[in-house]
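Whatever position you read off the sequence shown (first residue = 1), add 55 for the working numbering.
These notes concern the structure reproduced below.
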Amino acid sequence: MKLQKRMKGFTLIELLIVIALIAVLAGAVIVALNPARQFALARNSERWSHANAILGLISQNTVENRGTFTCAAGAIPTSTATLIASTGGYDLCSCLVPTLTNALPSDPSGGAAHYTSCADYNTGYTIVMNASSSRITIAAPSAELSASISVTQ
């Protein structure tokens, strides 16, 4: 009688079961992490940072001009205006670039928001000054996940 050597290893069924379990676990982890939501939260965090930075630059301009905000575009509007180089918005760039910053921040979602130079930019943020209290508000209308992002000083 001839002895057969038995080869040790995994069967095809065992391998398929393990691969299926790994796929199910990977799917559960991806759903739990929700990368689209995480990226949206990161972009909103960047919007908060940008709004604070713009407001800080306006404050720095005010301090350097003895308590008066000085800009070639005139006073900050009392009705909401987009921070943009073209007409229909408020051109803040010449007041801040290059003396206080190298470039204005723009909304991280892309789209129309960009900064090339003071002649070609659209921050994607809005500015308004309350006429009675003189408080300035920078807002991010493109905020995601139904967030309301605005900073007032």
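We treat Cβ as the ideally placed atom computed from N, Cα and C, and that holds for glycine.
Distance between beta carbons of residue j and residue i, contact taken as under 8 angstroms
{"i": "I23", "j": "Y180", "result": "As shown, the chain starts at 56 and ends at 208. That puts residue 23 outside it, with no answer to give."}
{"i": "S164", "j": "S187", "result": "Actually they are not in contact, since the Cβ atoms of S164 and S187 sit about 33 angstroms apart, beyond 8 angstroms."}
Helix, strand or coil at residue i [DSSP, three-state]
{"i": "I131", "result": "coil"}
{"i": "T117", "result": "helix"}
{"i": "S100", "result": "helix"}
{"i": "G179", "result": "strand"}
{"i": "C106", "result": "Looking at the sequence shown, residue 106 is not Cys but Ala. Three-state DSSP puts A106 in a helix."}
Extent of the continuous alpha helix (DSSP H) run through residue i
{"i": "L88", "result": "67-88"}
Terminal residues of the beta strand (DSSP E) in which residue i lies
{"i": "L138", "result": "136-139"}
{"i": "S149", "result": "It is not in any beta strand (DSSP E) - S149 instead sits in the alpha helix (DSSP H) that spans 148-151."}
{"i": "S172", "result": "169-172"}
{"i": "A194", "result": "191-195"}
{"i": "T207", "result": "204-207"}
CB of residue i within 7 angstroms of CB of residue j, strictly
{"i": "S161", "j": "A167", "result": "no"}
{"i": "Y145", "j": "L159", "result": "no"}
{"i": "R98", "j": "A195", "result": "no"}
{"i": "A106", "j": "I193", "result": "yes"}
{"i": "S141", "j": "A127", "result": "no"}
{"i": "T156", "j": "L112", "result": "yes"}
{"i": "T117", "j": "F124", "result": "yes"}
For residue j and residue i, the rounded distance between their alpha carbons
{"i": "A75", "j": "V84", "result": "14 angstroms"}
{"i": "S100", "j": "C173", "result": "25 angstroms"}
{"i": "E199", "j": "L96", "result": "8 angstroms"}
{"i": "T137", "j": "G143", "result": "8 angstroms"}
{"i": "F65", "j": "V73", "result": "11 angstroms"}
{"i": "L71", "j": "S201", "result": "43 angstroms"}
{"i": "G129", "j": "G82", "result": "55 angstroms"}
{"i": "V206", "j": "R190", "result": "10 angstroms"}
{"i": "L147", "j": "D175", "result": "12 angstroms"}
{"i": "M62", "j": "E69", "result": "15 angstroms"}
{"i": "M184", "j": "Q208", "result": "10 angstroms"}
{"i": "G122", "j": "L151", "result": "16 angstroms"}
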